[in-house]
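First comes the structure, then the notes that go with it.
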Amino acid sequence: MSEGKYSSVLVIGGGISGITAAIEAAEAGYDVYLVEKNPYLGGRVAQLNKYFPKNCPPYCGLEIFFKRIKTNPRFNFFTNAEIENVSGSAGNFEVTVRINPSYVNNNCTLCNKCAEACPAERQNDFNYGMDKTKAIYLPHDLAFPMKYVIDPLTCKKMDGCSECVSACKYDAIDLNMQPETMKLNVGSIIIATGWKPYDATKIDNLGFGKYENVVTNVMFERIAANNGPTGGKIVRPDGKPVKSIAFVQCAGSRDENHLAYCSAICCLASMKQATYIREQNPDSKVYIFYIDIRAPGRYEDVYAKAKQDENIIFIKGKVAKIEEDPTKSLVVEAENAVNGEKVRQKVDMVVLATGMQPSLSEIKIPGLDVKYDEYGFVTGTDGVFGVGVASEPTEVVGANEEATAAALKAIQVLRR
Amino acid sequence: MAEEAEKMEVKEEEVKEEEEKVEPKLGVYICTGCDIDKLDIEKLVTVAEEEKAPVIKTHPALCGKEGVELIKSDIANEGVNQIAIAACSPRVKWDIFDFGGCCVDRINLREGVVWTHDIDEHTQELAEDLLRMGIGKVQKMEVPVALEEEIDKSILVVGGGISGITAALAVANAGYDVNLVEKADSLGGWAAKFSKVTPQSSPFREVEDFNIQEKIDEVNANPRISVYTSSKIDKIEGQPGQFNVSLNDGAVEFKAGAIVLATGWKPYDASKLEELGYGNPNVITNLQMEEVLSNGFKADSVAFIQCAGQRDENHLPYCSSICCMVTLKQAKLIRQQNPDSKVYIFYDHMRTPGLFEEFYRAVQDDEGIFLTKGNVKKVDINGGVVLEVEDTLLGENINVKVDKVVLATGMISSMEGVPTTKEEQAELAEKGIEFENILNLDYRQGPELPLLKYGFPDSNFICFPYETRRTGIYAAGCVRQPMGIKASMDDATGAALKAVQCVELISEGGTTFPRSGDIDFPDVFLQRCTQCKRCTEECPFGAINEDEKGTPFYNPMRCRRCGTCFGACPERIVSFKGYSVDMVSTMLKAVSVPGPEEEKPRIIAFVCENDAYPALDMSAMHKLKYSPFVRIIPVRCLGSVNTVFIADTLSKGIDGVLMLGCKYGDDYQCHFVRGSELANERMGKVQETLDRLMLESDRVQVKEVAITEYDKVPEIINEFVETIKELEPNPYKGF
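Chains as they are written, first to last, in the working numbering: chain A, 1 to 416; chain B, 417 to 1151.
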C-alpha cells in the first residue's frame, strides 16, 4: 500500500448484494463500512417469501450472513444512514455519512411494551402498505440489528405523546435523539443500492391502483409469506378466497414506454409464485401471459416443472388490458401470439410481474463522480464498482457473484 | 503423516499446560427482566447454589450497562471465567454478552421459557432444568486455541481460458502469487477462437471486439503468475494452505493455499443431432460458425435453429444461457459481411435477459434478420436445405430454403463424465472406458469436486454461489454453469476472492463459510479409534483421510466445524473445545427425570441452530406456546447429533427425542450439505437401539423445519409430545 491511501472499503446499501460484498471483503481481511438507509440489513430479499429455484426461505441465508457479521470485527455498519457526500478519487475517498435517529438505543430488549402503549399507527412498508404497525415497531421478524425503531412521520411526539417512553422499563427510547454525521476515509467504494419495483400505476391498461385485486409480484410475495399481512393465507386484497390467478409478465418491462430492458427475474418469480397458490389450493388455476419465458441455464428446470402442472397454463401473448367485473374479479384480455386467437380470461386475482428499476434511476449518490447508463444503472469508474441490481437486473445468485467479484476489485484498489 | 500427528500432539500438550494455570471459576447471572421474573427466581438461585456456583447474581436488566458491568467486574475482581447467563436467546445481545477469553453460555429463559409457556409448575421445572444444563455445559467448555501452521498463500488456477486467465490476474493484482495450469499448449481457451463477441458492456447494443491476446500478454508479463501450459495435474495432496501440487509426472511441484477450478466447457456432441440434418456440410453448429465467420463468409441465406439438442429430455435438459445471444451476434456478423444476405432465426423462447434485451432490440431493427418463434419440424437436406417450421408467429407453418443452417448447440461442463470418486474410477476401468481426472485430489472421498445436477460442480445455495464441498477449492465459469464471457469474468473474479479469503482465514487458524473464522477444530482421541471409517465416509467436506487400516487422519484446514464427525463416531472420541462430548453428556445428565407416577414426560429436542432454533425464537416473538416438557439443545447441525446420546437419553428414562433440522434431498437447505440427511440415515441405528431397549420406534423422530415456519414448529413439538404421552412412560425411569 502506498502512502496517503486509505485501506478500507465503503459499501453503500445493505441488501443482499451489499452484505455479500461487505462480508466477503471483511473475511478476506479488510475493514469495511456499510451504510444502509433502512433500519435493518437484508433489503428486498428479506421481503421475499421464497427464492427460486429451490423455493427455500431467504431468512435462512440471512441468518448465516448475520452470524458472519456478528463474529467479524472488520465489518462495521450503520443502519438508518445515508451518504451525504463523497469527494476524492480511487484510493482516497472522503465520505460524509448521516445517521438518522431511530429514537431507540441499544438498551432495547424487544419486550414490545412500547408498541403496546403507542397510540399511533403507520403503513407497514415492509408489507408494501398492506397492513399497519405502530409508530414504534420492529421492522420484521428477522430484523438485524434486532431493535425497535420509531417512524418520525407518524409518531405523535410533537403532540406531546411519550407513552412509549413511560412504557419502556429499560430506558431505551430517546425522543430527542438527533441526527449525527460522521466522516469516513476509504480507498474504494461498492455501490449496492439495489432496486425499487417499477411504479405499476404508470401502466394504465393493467389496472393497478384502480382495481383492488390487481397486485404486483412484490406484494404477492408478502401475501404468501407466513409473516406477511395475511399470515401466509393467499386471499385477495378484498379478503375473498383465490381460486384463479393470472400472472402478467413484462408488466412495464421490455416496453419502451416504461422499462425498455428485461428485468431478468420476473419469469422465474412468477413460476415460483404459481407454486405458492398451487400448493395452498390444489383446485386453483394459474394463467401466465408471457412474451418469452426466460429461464436460462439450470433454471430451465423451474420451467420444465411448471409445464408439468396442467393447472398452470402458459399463454404466449402480451396482455392488452384488464377489466374488473362487478364481483371485483378481473378479465384479462390478450391475443395468443401463436394461433392469433383473442383470449379473455376471467380470474379472481391478477399479479403483475413488474420489473426492477435501479434505486438510483432519479436520485444519485451526492458528490460521487460515477457513470450511470440511461436507466440509472451504475457503470462504474476507477475505484467505484456497481453490483447487483444497482448495476444490472439480476437474480440473487448473479448479484452475489458480482458482489463477491467487486469485493476483490475493491481490494485491488487498496493494494495498488 | 506420522510426523505431523506427533507435532500436533506436542502442540496440544503445550496448550493444556497453559490452560492448567487458570483456575476455572463459575459465575451464574440470572436476568429478571422481560417477564423472566414471572418465574420463581429464588428457586432458580437455589438451583445455581446446588450446582455449587461460587458467584450467583440476579439483575433486572442484565443487558443494560449496569448488568454488563456487574459481570465484567466479577471477571476482573473475582476471577470468574465460566459465565452462565440466564436471560434471552443467544441470538440477541450477542455483542453485549461477549466476554473474550471466558467461556460463556446463554440460557434462554426468555424466548425459550417465559414467552412460549404459561407460567406454572411445569414451566418452572423447565427453567430449572435449562439452568442446570447451561451451568453444566459452561463448566465443560474450553476456550479454543487457533492452530498455528505454516501457510502458503499462493493460488492454483486450473484452466487457462477466459475464466482462468481472469482469476489469475484478479488474484495477482490483489497481491498473491499464482500458478496457472492449462492442458493445451497455449492460453486462451474457447474465447481465443472468437474474434467478435456479444455485447459485454453498456449500452449492450453492438457486437464487440474481443482481444484475449492482451489478457494473455498481461498474464505472461505479470511476475506473480507462473504459467504451465501442456500440463496436467498428477496429484494434489494436503489441505488448504498446504496443498502439494504435482504436475506432468512429477516434473513440476509446488505448493498452493487454495484452488480455482476453471476448466470450462465442451460442446454438445452434434453428431447426435442427425434429425436436424447435422452431418450435411450445410448444417453446422454455432461453434463451427465462429470459424466460418472468421474466415470470411459468403452465404446468401442462413437459418439458425435455437435450442438444438437443448431443453430436450433426449439431449441436454437444461438451457445453455448464451446461445440466443450468440445467434444474434452471428446474425449481425453475417449481415455485416454480406449486407444482401437474409438470416432466419427460429427460437422457442428468445432468452436475452436483463440488459441483453438491448441487443435483441438492436437486432430486431435489422430488416434482413427475420426472427420468429417456431418449432423446426423437419430439416430436408435433399437438394438445398429446406426447413419446415410450425407454430410460428405468422399463424401458419412455413418452409424456408437456405444455404446454411446453424444449430445453436449447447455447453457441457468439462467435469461431465469425469469420475469423482474412487468407486466411479474403478467402474470405468472395469468397463475399459478411458477417463482422465482433472484435480486428482488425494482425498479419501474422491479425486474431484462433487458434482451437482447435470455434471456441474456448482453450489446448491442461492445466497452462497461459491459454497463448495471441498474447502479451499472454488469452481468458476462454465465448468459450473453455462455462462457467457462477461458472466465468466465476474464469476472468476468472485472465485478469486474466495480463494484469497480462504488463505487469509486459514492463516489465522479459522475455517471458511459458513462458520467463517471459527478456530475451534476437532480434537480426536485416536487411541480409542476402532477404525470404523464412519467419520471419513460421512464428512460432507472430505476433510478426513485414512490409512490402510482405516485410521482417520484429520485435516483441520479442510474442516468446516459442522461436527458431522462428532455425530458419526460410535466411540465418541471427537470433540471441539466449544462443542464436546462432555458438554452434551453433562447437559443430558442435568435434566431431571420425575418418576413415572408424576405424569411429567421428559423430552429432549436437538435443534439445528441455523434454522429451527431461530424459528423457535420467532415463535416466541409471536407469543406462540408449546409444551413445557421439552428441553431444547441447540446443535450446529443435525449431523452433529451422536446416536449414542440418544441411547443414553432413553436409557436414563427420558421419554422421547425429537430432532429438528433442515430440509434434505435434492433441494437440501442444510448448510453443511449432508447433516440433515445423515441424521435421517442414522435413524436405522437408532431403531436398533430402540429395539434393544424394547422401546417404541415413535420415541425418536426427525422433522424438517424451515426457518420461516415459526407458526408450525410449536405444532410439531406439541404433536410429538402428544405421541409420547400416548405411550407408557419410559420404563427406564428411576434406573
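The beta carbon of each residue, even a glycine, is placed where N, CA and C say it ideally should be.
Using 9 Å as the threshold, is the C-beta distance between residue i and residue j below it?
i, j, result
"Leu585/B", "Asn638/B", "yes"
"Ala1021/B", "Ile1048/B", "yes"
"Thr96/A", "Asn85/A", "yes"
"Ile83/A", "Phe75/A", "no"
"Cys267/A", "Tyr290/A", "yes"
"Asp521/B", "Lys488/B", "no"
"Ala260/A", "Glu773/B", "yes"
"Thr614/B", "Leu744/B", "yes"
"Ser87/A", "Gly367/A", "yes"
With DSSP run on the structure shown, which of helix, strand or coil describes residue i?
i, result
"Met1169/B", "Because chain B is modelled from 417 through 1151, residue 1169/B falls outside the range shown and cannot be assessed."
"Lys838/B", "helix"
"Leu682/B", "A small fix is needed here, since residue 682/B is Lys in this sequence, not Leu. Strand, per DSSP."
"Phe513/B", "coil"
"Pro58/A", "helix"
"Leu360/A", "coil"
"Tyr882/B", "coil"
"Glu422/B", "Its pLDDT being 49, under 50, Glu422/B is placed unreliably by the model, and the measurement read from it follows with that caveat. Glu422/B: helix per DSSP, three-state reduction."
"Ile632/B", "helix"
"Val413/A", "helix"
"Asn400/A", "helix"
"Gln498/B", "strand"
"Met182/A", "strand"
"Asp1082/B", "coil"
Determine the direct distance from the alpha carbon of residue j to that of residue i, and round the result to whole angstroms.
i, j, result
"Glu419/B", "Arg974/B", "With a pLDDT of 48 at Glu419/B, under the threshold of 50, the modelled position of this residue cannot be trusted; read the value that follows with caution. Taking the straight line joining both Cα atoms gives about 19 Å."
"Ser684/B", "Gln629/B", "In the sequence on display, residue 684/B carries Tyr and not Ser. Answer to the nearest angstrom: the Cα atoms are 26 Å apart."
"Val779/B", "Arg751/B", "10 Å"
"Ala912/B", "Val676/B", "7 Å"
"Arg507/B", "Ser162/A", "30 Å"
"Tyr763/B", "Leu787/B", "8 Å"
"Lys147/A", "Val834/B", "51 Å"
"Gln722/B", "Met899/B", "16 Å"
"Ile578/B", "Arg640/B", "18 Å"
"Asp800/B", "Val818/B", "With the sequence shown as reference, residue 800/B is identified as Gly, and Asp is not the correct amino acid for it. The alpha-carbon atoms of Gly800/B and Val818/B are separated by roughly 7 Å."
"Cys1086/B", "Val997/B", "22 Å"
"Lys321/A", "Tyr276/A", "25 Å"
"Asp1033/B", "Lys37/A", "26 Å"
What in chain A is Cβ-close to residue i, meaning under 8 Å?
i, result
"Ala1122/B", "Cys56, Pro57, Cys60"
"Phe880/B", "Gly61, Ile64, Asn400"
"His731/B", "Those do not exist, as His731/B stays about 12 Å from chain A at its closest Cβ, beyond 8 Å."
Going by alpha carbons, who is nearest to residue i out of the options?
i, options, result
"Gly1100/B", "Gly1072/B, Leu855/B, Phe1088/B, Val1116/B", "Val1116/B"
"Gly528/B", "Cys450/B, Ser875/B, Arg1098/B", "Cys450/B"
"Lys441/B", "Asp490/B, Gly1081/B, Asn1134/B", "Asp490/B"
"Ser617/B", "Lys902/B, Thr967/B, Gly994/B", "Lys902/B"
"His538/B", "Ile567/B, Ile501/B, Thr884/B, Leu455/B", "Leu455/B"
"Val496/B", "Ala543/B, Leu542/B, Ala464/B, Val444/B", "Val444/B"
"Pro1147/B", "Ile1070/B, Ala608/B, Thr1139/B, Lys714/B", "Ile1070/B"
"Ile190/A", "Glu212/A, Ser391/A, Arg415/A, Gly398/A", "Ser391/A"
"Asp1083/B", "Cys56/A, Ile99/A, Leu360/A", "Cys56/A"
Under 7 Å between beta-carbons, which chain A residues line up against residue i? List them in chain order, please.
i, result
"Pro769/B", "Cys262, Ala264, Arg294, Pro296"
"Lys914/B", "Thr404"
"Arg727/B", "Glu300"
"His1087/B", "Ile64"
What does residue i reach in chain B if we use C-beta pairs closer than 7 Å?
i, result
"Lys132/A", "Going along chain B, no residue has its Cβ under 7 Å from Lys132/A, so there is no contact; the nearest lies around 17 Å."
"Val396/A", "Ile878, Cys879"
"Val235/A", "Within 7 Å Cβ-Cβ: nothing; Val235/A doesn't reach chain B, min ~16 Å."
"Met146/A", "Val508"
Regarding residue i and the ligand SAM, is the C-beta to nearest heavy atom distance less than 8 Å?
i, result
"Ser736/B", "You won't find the ligand SAM in this model; it holds no ligand whatsoever."
What residues from chain B crowd round residue i, counting only those whose CB sits closer than 8 Å?
i, result
"Cys111/A", "Gly449, Cys450, Asp451"
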